[in-house]
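In order, the protein sequences belong to chains A and B. Our numbering applies: residue 5 is where the first sequence begins, and numbers increase by one. Our numbering applies: residue 5 is where the second sequence begins, and numbers increase by one.
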Amino acid sequence: MNNEHFLSVNDLQVHFKTADGIVKATDGLSYTLDRGKTLGIVGESGSGKSVSSSAIMGLHQGTSARIEGNVWLDGVDLLTLSPPEMRKLRGKEIAMIFQDPLSALHPYYTVGHQIAEAYRVHNAVSKKHARKKVVEMLELVGIPQPERRFDGYPHEYSGGMRQRAMIAMALINDPSLLIADEPTTALDVTVQAQILDLLQKLQKEFNTAIIMITHDLGVVAEMADDALVMYAGRAVEYGPVSEVLTHPEMPYTWGLLSSVPDVTADTDIPMVPIPGNPPSLLNQPPGCAFQPRCVHSSKVPGDLCKTTMPDLLPGSHGGSGHLTRCHLPNPELIYETEVAHDVTPTQSEER
Amino acid sequence: MADTDESQTDGQNSVDPSEVEDAPSLDEVLQQSHKPTELDTTAPPVLTVDNLRMYFPVHSSGVIRRKVGDVQAVDGISFEILRGGSLGLVGESGCGKSTAGRAITRLYKPTGGSAKFGDRDLVKLSTRELKPLRRDVQMIFQDPYSSLNPRHSIGSIIGAPLRIHNMVPKKQTLSRVQELLEVVGLNPEHYNRYPNEFSGGQRQRIGIARALALQPKLIVADEPVSALDVSIQAQVINLLQDLQKEFDIAFLFIAHDLAVVRHFCPEIAVMYLGKIVEIADRETLYQRPNHPYTQALLSAVPDVKQAAIGGRRERIMLEGDVPSPINPPSGCRFRTRCPLAREICAKVEPPMVQIGPRHKVACHFAGELGNHPHDPVTARMLGVDNDGNPDPGATPTEIEETPGFNDVWFDLKERRTVKPS
Numbered sequence: 005m006n007n008e009h010f011l012s013v014n015d016l017q018v019h020f021k022t023a024d025g026i027v028k029a030t031d032g033l034s035y036t037l038d039r040g041k042t043l044g045i046v047g048e049s050g051s052g053k054s055v056s057s058s059a060i061m062g063l064h065q066g067t068s069a070r071i072e073g074n075v076w077l078d079g080v081d082l083l084t085l086s087p088p089e090m091r092k093l094r095g096k097e098i099a100m101i102f103q104d105p106l107s108a109l110h111p112y113y114t115v116g117h118q119i120a121e122a123y124r125v126h127n128a129v130s131k132k133h134a135r136k137k138v139v140e141m142l143e144l145v146g147i148p149q150p151e152r153r154f155d156g157y158p159h160e161y162s163g164g165m166r167q168r169a170m171i172a173m174a175l176i177n178d179p180s181l182l183i184a185d186e187p188t189t190a191l192d193v194t195v196q197a198q199i200l201d202l203l204q205k206l207q208k209e210f211n212t213a214i215i216m217i218t219h220d221l222g223v224v225a226e227m228a229d230d231a232l233v234m235y236a237g238r239a240v241e242y243g244p245v246s247e248v249l250t251h252p253e254m255p256y257t258w259g260l261l262s263s264v265p266d267v268t269a270d271t272d273i274p275m276v277p278i279p280g281n282p283p284s285l286l287n288q289p290p291g292c293a294f295q296p297r298c299v300h301s302s303k304v305p306g307d308l309c310k311t312t313m314p315d316l317l318p319g320s321h322g323g324s325g326h327l328t329r330c331h332l333p334n335p336e337l338i339y340e341t342e343v344a345h346d347v348t349p350t351q352s353e354e355r
Numbered sequence: 005m006a007d008t009d010e011s012q013t014d015g016q017n018s019v020d021p022s023e024v025e026d027a028p029s030l031d032e033v034l035q036q037s038h039k040p041t042e043l044d045t046t047a048p049p050v051l052t053v054d055n056l057r058m059y060f061p062v063h064s065s066g067v068i069r070r071k072v073g074d075v076q077a078v079d080g081i082s083f084e085i086l087r088g089g090s091l092g093l094v095g096e097s098g099c100g101k102s103t104a105g106r107a108i109t110r111l112y113k114p115t116g117g118s119a120k121f122g123d124r125d126l127v128k129l130s131t132r133e134l135k136p137l138r139r140d141v142q143m144i145f146q147d148p149y150s151s152l153n154p155r156h157s158i159g160s161i162i163g164a165p166l167r168i169h170n171m172v173p174k175k176q177t178l179s180r181v182q183e184l185l186e187v188v189g190l191n192p193e194h195y196n197r198y199p200n201e202f203s204g205g206q207r208q209r210i211g212i213a214r215a216l217a218l219q220p221k222l223i224v225a226d227e228p229v230s231a232l233d234v235s236i237q238a239q240v241i242n243l244l245q246d247l248q249k250e251f252d253i254a255f256l257f258i259a260h261d262l263a264v265v266r267h268f269c270p271e272i273a274v275m276y277l278g279k280i281v282e283i284a285d286r287e288t289l290y291q292r293p294n295h296p297y298t299q300a301l302l303s304a305v306p307d308v309k310q311a312a313i314g315g316r317r318e319r320i321m322l323e324g325d326v327p328s329p330i331n332p333p334s335g336c337r338f339r340t341r342c343p344l345a346r347e348i349c350a351k352v353e354p355p356m357v358q359i360g361p362r363h364k365v366a367c368h369f370a371g372e373l374g375n376h377p378h379d380p381v382t383a384r385m386l387g388v389d390n391d392g393n394p395d396p397g398a399t400p401t402e403i404e405e406t407p408g409f410n411d412v413w414f415d416l417k418e419r420r421t422v423k424p425s
């Protein structure tokens with residue numbers, strides 16, 4: 005239906021049937037992404053950010069997952085493809101970088117062998133040619149002495165180098181869509197900075213669309229064009245990063261911002277946590293999933309938060325394409341007066 | 005899922021809205037959230053670590069397995085932790101920060117140096133002599149999933165230290181465990197549940213209750229929140245702050261998350277490859293760091309405020325990886341990745357010099373970002389020329405390397421020792 009965007013996810017649902025009931029890991033998720041752009045998906049563990057992206061890759065085939073909705077990639081609905089058709093796309097058009105490079109690489113094969121395999125599956129070339137291509141790729145991602153490193157095993161690589169090797173493997177077939185699932189979470193900040201730089205450089209070179217899954221709002225702020233905040237399997241805030249992170253309108257986003265102190269801001273800001281625990285994805289209450297942890301729900305008249313799930317609607321700030329799922333009538337005012345000074349004092353002063 | 009968990013007993017998808025609990029109000033949450041901890045600099049030190057070293061031998065392969073070297077995981081670190089204070093230990097993985105914590109709690113037997121706790125040296129005590137001291141020094145571990153025995157109920161986990169140290173009569177163990185559960189914000193009725201019935205944040209609270217059971221004076225917290233979700237991290241940090249205030253506990257807080265450390269620790273030490281490169285109070289370290297490694301580390305943290313501007317922020321990029329601690333670089337260990345490195349850095353190891361009231365740094369070219377000096381500040385006191393060769397004309401000054409801070413310090417601009425007026 006929507007062919008103007010390169011990737012368009014439409015009302016995606018991923019449900020798992022378990023003995024205790026249906027786990028709605030992802031429910032009614034929609035977003036779009038263009039080539040050369042980055043979408044940052046943020047949320048806690050269990051918010052459905054990885055599950056929804058695995059669905060795009062077709063990684064739920066053969067499991068008990070029930071997937072509904074559409075995923076249009078360049079005019080093709082990925083969810084209607086047969087397993088062999090999907091296999092042709094996977095690793096070629098769509099590639100994925102996993103969080104833990106040590107468990108994503110096979111310990112028994114050399115790194116070069118594994119990357120070459122990814123190349124030879126999609127290209128009928130000789131081993132020799134594949135080796136040349138892999139060495140080129142290893143050099144591109146900044147692995148020193150790529151000729152020698154080709155024959156190294158994963159355990160001989162450091163964490164940052166393994167992640168570089170994973171990036172090399174993901175990008176070797178020049179994919180048009182790259183899903184990076186917490187690519188830097190297991191790494192130190194200095195290595196994280198190197199990897200993020202590399203991803204940005206390669207994105208410019210190959211004009212790749214990137215879905216960046218992370219829980220670090222700082223990474224989203226620096227890498228992404230659009231941000232999607234997920235809670236309990238649903239998008240709760242979605243829009244351009246410059247809108248979502250500067251004028252957030254959903255209490256969950258506020259909570260995320262205030263529970264992570266900013267290293268460059270004043271040193272005397274309190275750390276305001278989000279009370280309670282993430283909800284179970286079984287038996288979701290009829291109202292807003294965040295209501296039991298929301299400190300602002302008393303500002304909504306009546307029992308609205310408990311009884312009715314808010315829709316994802318344009319926010320009151322009126323920014324282009326900034327959608328939020330909240331009943332609060334005047335979120336911008338509440339943010340300015342009650343929340344902003346705990347989040348970024350310097351920012352609220354500037355305004 | 006165990007069937008004791010009442011929230012998930014049936015597969016009904018309808019939940020009566022009236023049963024949904026009310027969320028706490030904003031004021032309640034704000035009351036529980038604390039500002040960064042302040043430090044009382046006049047308090048006496050609880051722990052004085054002096055030149056602590058922890059080497060792990062490396063053996064050759066084969067039958068004879070000769071010792072061929074050492075992993076110098078911690079190589080001569082010195083610091084003080086004041087009573088009720090907390091010192092943050094930050095650095096990249098493999099820099100030795102966790103090893104330092106484990107050497108202090110004597111999970112490892114340190115190779116050398118001293119760690120004075122009161123009038124006793126934790127390094128020299130035998131295992132038997134150590135037992136009474138274990139009561140005063142406790143540890144919180146990083147991974148709440150592997151640090152709790154899955155076959156023991158949490159009552160037995162928290163009760164174990166009470167039993168081992170005969171803290172309370174057997175009959176009162178249960179009531180003490182319940183008290184502890186309440187202190188860390190868990191339901192005291194849950195003492196007979198098993199760790200698998202709790203979420204990550206709750207498990208970390210159990211680990212904290214276990215550490216608190218013996219009323220320690222010092223807690224070594226090794227990455228206590230890095231395995232938790234961000235929203236839960238803030239809850240646990242606030243809990244630790246409450247407990248610190250209430251029981252006057254000192255913390256050695258080991259973490260790699262610079263933002264969390266800044267919030268929790270009024271003093272922070274930055275480690276690189278087994279050595280402390282800079283140690284200072286919070287304001288100084290985060291706003292005026294003098295060591296190029298601290299500067300690079302701080303600039304690498306992604307910044308949320310960048311959303312308003314777009315793109316990445318300017319940062320100091322460190323090339324390559326941390327060198328191997330088996331064969332560390334000569335002179336300054338950071339020189340292989342340092343943007344300022346010169347000849348002297350390969351020849352002479354920079355001494356730890358106090359350059360402010362509560363600020364020490366180990367660098368030949370110490371200075372604020374963009375204001376690093378052109379010639380080494382340490383040359384004269386080391387008795388070498390600007391390239392690090394011995395200078396017969398210069399007389400080296402005695403550099404006192406004490407774990408704590410002195411009243412006099414070396415002024416970087418005037419290049420002489422100054423006394424505060």
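All residues carry an ideal CB built from backbone N, CA and C; glycine is no exception.
Beta bridge pairing from DSSP links residue 144/B with 225/B. Against chain A, a Cβ distance below 8 Å from residue 321/B picks out 197, 198 and 201.
For the set 196/B, 208/B and 251/B, the Cα lying nearest the Cα of residue 237/B is the one of 208/B.
Residue 231/A is a Cβ neighbour of residue 224/A, given a cutoff of 8 Å. For residue 363/B, the secondary structure class from DSSP, reduced to helix, strand or coil, is strand. The alpha-carbon of residue 10/A is positioned some 16 Å away from that of residue 96/A. From the beta-carbon of residue 250/B, no residue of chain A is found nearer than 9 Å; the closest lies around 18 Å away. In this structure, residue 316/B and residue 209/A do not form a Cβ contact; the two beta carbons are roughly 16 Å apart against a cut-off of 8 Å. The C-alpha of residue 257/B lies about 21 Å from the C-alpha of residue 406/B.
When 297/B, 196/B and 311/B are compared, the shortest CA-CA separation from residue 323/B is found for 297/B. Using a Cβ-Cβ cut-off of 8 Å, residue 96/B counts as an interface residue toward chain A, since at least one Cβ of chain A sits closer than that to its own. Within the stretch 229-261 of chain B, those residues whose Cβ lies closer than 8 Å to any Cβ of chain A are, in chain order, 233, 234, 235, 236, 237, 238, 239, 241, 242 and 260. Looking at the backbone, the Cα of residue 309/B and that of residue 249/A are separated by about 8 Å. In the DSSP assignment, no residue is bridged to residue 252/A. Taking C-alpha positions only, residue 341/B is separated from residue 375/B by approximately 19 Å.
Out of 263/B, 305/B, 228/B and 234/B, the CA that lies nearest to the CA of residue 255/B is found in 228/B. With 16 or more other Cβ atoms inside 10 Å of its own Cβ, residue 271/B counts as buried. Under the 8 Å criterion on CB atoms, residue 325/B is classed as interfacial with respect to chain A.
According to the DSSP secondary-structure assignment, residue 63/B is paired through a beta bridge with 71/B.
Not a single CB atom of chain B sits nearer than 8 Å to the CB of residue 332/A.
Of all residues in the stretch 260-275 of chain A, those with a C-beta nearer than 9 Å to a C-beta of chain B are 260, 261, 262, 263, 264, 265, 266, 267, 268, 269, 271, 272, 273, 274 and 275, reading in chain order. In this structure, the beta-carbon distance from residue 262/A to residue 311/B does not fall below 8 Å. Cβ contact annotation for residue 399/B (same chain, cutoff 7 Å, sequence separation greater than five): 387, in chain order. Judged by beta-carbon spacing, residue 51/B lies beyond the 8 Å limit of residue 139/B, meaning their Cβ atoms are not closer than that value. Chain order gives the chain A residues near residue 39/B as 272, 273 and 274, where near means a beta carbon separation below 8 Å. Apart from sequence neighbours up to five positions away, the residues of its chain that approach residue 158/A with a beta-carbon distance below 7 Å are 106, 109, 111, 115 and 166, ordered along the chain.
For residue 306/B, the neighbours in chain A by C-beta distance under 7 Å run, in chain order, 220, 222, 223, 225 and 226. The CB of residue 205/B comes closer than 7 Å to the CB of 281 in chain A, given here in chain order. Residues of chain A with a Cβ closer than 7 Å to the Cβ of residue 310/B are, in chain order, 225 and 226. At least 8 Å separates the beta-carbon of residue 183/A from that of residue 71/A. Residue state for residue 329/A is assigned as coil, using DSSP reduced to three classes.
Residue 235/A places its beta carbon less than 8 Å from that of residue 47/A. Taking all protein chains in view, the Cβ of residue 161/A is crowded by 16 or more other Cβ atoms within 10 Å, so the residue is classified as buried.
Contact annotation for residue 300/A against chain B: 30 [CB-CB distance below 7 Å, chain order]. Considering only 156/A, 295/A, 317/A and 318/A, the residue with the shortest C-alpha distance to residue 311/A is 295/A. A direct Cα-Cα distance of roughly 36 Å separates residue 63/B from residue 357/B.
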